[in-house]
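Numbering-wise, the sequence shown is residues 524 to 588 according to the working numbering.
Beta carbons: idealized from backbone N, C-alpha and C, even for Gly.
Predicted model only: the values in this text are computed from it and were never measured.
Working notes, beginning with the structure itself.
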Amino acid sequence: MPSKSKAQHRLMEMVAHDPAAAKRLGISQSVGRDFAAADAGRATRLPERMHKAAHHPTRPAGRSR
């Protein structure tokens, strides 16, 4: 699964290469490696961060009230 933002890409790269960080964050290194592999060549075209409404658990992304 590719990353949705540059921030997520950086986090997954860190997890893939740092076992202590992976353990501290509760993300397995294999997940970090999978994200890093899926992002190969596309990390520069990602937004810096996702809009908060896109992550709202009770409202579909892209819709406002």
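With C-beta atoms as the reference, is residue i less than 9 Å away from residue j?
| i | j | result |
| --- | --- | --- |
| G555 | A543 | no |
| A561 | M524 | yes |
| A530 | R568 | no |
| S528 | V538 | no |
Under a Cβ-count criterion, where at least 16 other Cβ atoms within 10 Å of its own Cβ denotes burial, should residue i be classed as buried or exposed?
| i | result |
| --- | --- |
| H540 | exposed |
| S526 | buried |
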